[in-house]
Every structure is written in C-alpha cells, then in structure tokens.
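In this text, residue positions in the sequence shown follow my numbering: the first is 1127, and each later residue adds one.
Where a beta carbon is used, it is the ideal one built from N, C-alpha and C, also for glycine.
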Amino acid sequence: MLGLEGYYEPASIDEALDILRRGNGKPFAGGTDVIINLRRRTVTYKGLVNIKRLPGIADWSTKPGEGLHIGAATPFRDLESSPSVTQRYSALAESIRVIGSVQLRNMATIGGNLCNASPAADSAPALIVSKATVTFTGNGEGTRSCLVEQFFSGPGRSILDPDELLLSLEIPEPESDSGDCFQRFTPRGALDIAVVSAASRVTLDRSSGRVQEAVIALGAVAPTPVRAGKAEDALVGHEPTPDLMAQAAKIAREECNPISDIRGSASYRQE
C-alpha cells in the first residue's frame, strides 16, 4: 500500500509508543496531510500508526471555569459544531471555519494540524493567543507539556521526538473582560493556504478601560507561528483606540520575517 512496510492500529497508548520506539511508523488520525504526502511521494514513511482507537485521544470537553480540553485526534468539525466552543473561544472557532471544506474538517484533527508544523497552520495563531498548552508522551520520560508557541522549531518541525505522541491540548477559560479574534488573507478565499494570518486577544482593565494584556500571534510570516511582542507592548496601558490599533499593526509588520514564495512576496506579506 503506497510503498508502506506496515500499517498498525494500536489499542493502547503503550502499544502505540512501542511501535514508535521501534521506528516502525508515522502516527496519524485524520490522515489528510499524510495521504497527500504518500500520493505525491514527497515524504517517505516506513509505516503508518492509526491512533484513532486510543482511549480518550478523540475526546474533548468544556465547562465554565474549567477551560477546554481537546484530545489530539479530535476532528475540527466536532469543535466547530459546538456552541460552547464557538461562543467562548472565538479565535479558535474562526480559525477552524476557514480550514478546507466541511468534508476535510470532518477528518482533519487539531493534533495533526499542529504536528504538521506548517508556518501557515490556521489553528496555531488562535491557539497561541488562547495560551493553549500541549501534552505529549513517550521517550521513556512520561508526559511533558509546553505552550503551543513553544511547540514549533521550524518549517515542518516541532519539538516532538519521533517516539513521542501528542495526546491533548488544554485551553484555559477566557477572562471575563477579554476578547479574541482570528483573520487570514488568501488570494482565492476558501480552500487555500494563508498568505498571512493573525490572531489577537485583548484583556481590558474594567476600572480604567485600558488594555491590561495583549497577545498577538502571526502565521505564514516566519519559519514558525510567532508572537508580536513589541506590538503587544504598544497596546498595554492604553485605551484601545483606532489610532492605537493602527500603530500596533505597523509595529507587528516590522516584527515579522516572511519569505517570498508562489503565494506572495515578503513585502506583500508584510503589507
């Protein structure tokens, strides 16, 4: 099958990790990227490890005050269809809606989108401003966690070792005086890869109406999704006026380091 030496469907996390330690396969759930790579022969896999049967890997839950727990193999469509997600986690919901078609979102998983580690991954900026953490296991050291913004190490690369498995994501409950959003630009609209994307979360001080905290994340403008720290600093302590927003946007443009490719030049992305 497509040049593979093996196909595995482990029933437990320990069984999956044992297969990965032996170097026998690439973990997948939705397979939307893996299958394309196999057909195009752009990536060679010794085997495939289907993780969809692992206990809890596709479960998700959210409760007021407890945040959002998402299993790594949760399809995007499950989250998109939940009012509790779309109403309380706006940036994440907005980023999910623009990922491919409904049919693709029924298969594609949030963990796969992160592990693919594309600089243009739509979910990444939204997860970064949401202060999401990822938990993974393997490597003989139990589980470890990190912020999503620390997960990427380069284009197509993450800190996940070949014998480690992404298990879940945790997103804290949004603060009451905060709001977030996600936007992206693509030449063709839907079913396209972002030329540039951005997510932001702003928390206001209730007594003064000034920005208490700002988090801005950019996609497709650097080797990995990045924070715009200087733009964030420019917002804190000030009233969120249109002029201030324009100033922060200018600073964010200066912070990014985009490349030129078939979808747009570096200067086009900065603009």
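Minimum Cα-Cα distance from Arg1179 among the listed residues Leu1194, Gly1191, Gly1156 corresponds to Gly1156. Take Pro1190, set aside five residues on each side of it, and no residue of its chain has a beta-carbon closer than 6 Å to its own. Between Pro1181 and Pro1351, the gap from beta carbon to beta carbon reaches 8 Å or more. For Val1321, there is no enclosing alpha helix (DSSP H), as DSSP gives it neither H nor E. One thing to note: Pro1153 has its Cβ within 8 Å of the Cβ of Ile1177.
Only residues of its own chain outside the window of five on either side were considered, and among them Lys1152 have a CB closer than 6 Å to the CB of Tyr1171, listed in chain order.
Collapsing the DSSP output to three states places Ile1145 in a helix. In terms of Cβ geometry, Pro1368 and Val1328 do not form a close pair [threshold 8 Å].
For Val1175, the three-state secondary structure derived from DSSP is strand. Following the DSSP letters along the chain, one finds Phe1262 inside the beta strand (DSSP E) bounded by residues 1259–1264. Contact between Ala1325 and Ala1217 holds: their C-beta atoms lie close to 5 Å from each other, under 8 Å. Taking the C-beta atoms as reference points, Leu1293 is found nearer than 8 Å to Ile1183. According to the DSSP assignment, Asp1248 belongs to no beta strand (DSSP E), since it is labelled neither H nor E.
For Arg1147, the closest C-alpha among the options Ala1137, Leu1164, Val1175 is that of Val1175. The Cβ atoms of Phe1308 and Ser1221 sit closer than 8 Å to each other. Contact holds between the stretch 1260–1274 and the stretch 1283–1298, because three or more Cβ pairs, one in each stretch, are under 8 Å apart. By the C-beta criterion, the stretch 1157–1168 is judged not to be in contact with the stretch 1137–1146, since fewer than 3 inter-stretch pairs fall below 8 Å. Taking the Cβ atoms as the reference, Ala1340 lies roughly 14 Å from Pro1251, outside the contact range of under 8 Å. The straight-line gap separating the alpha-carbon atoms of Gln1396 and Pro1281 is approximately 19 Å. Secondary structure of Arg1283 (DSSP, three-state): strand.
Going by beta carbons, Leu1295 and Ile1225 fall outside the 8 Å limit.
Distances from the CA of Gly1132 to each of Gly1173, Arg1332, Pro1300, Ala1378 were compared; the closest alpha carbon is that of Gly1173.
Using a 10 angstroms sphere on the CB of Leu1273, the tally of other CB atoms stays under 16, which defines it as exposed. In this structure, DSSP gives Cys1382 a state outside helix and strand, which the three-state scheme calls coil. For the stretch 1154–1217, the continuous beta strand (DSSP E) assignments of 3+ residues that do not extend past its boundaries occur at 1173–1176, 1186–1189, 1193–1197, in sequence order. When secondary structure is reduced to three states using DSSP, Gly1305 falls in the strand class. Here Thr1269 has Thr1261, Thr1263 as same chain residues with Cβ atoms under 6 Å from its own Cβ, once five neighbours each way along the sequence are excluded. Residue environment for Gly1238: buried (at least 16 other C-beta atoms within 10 angstroms of its C-beta). A buried status is given to Arg1310, since no fewer than 16 other beta-carbon atoms sit within 10 Å of its beta-carbon.
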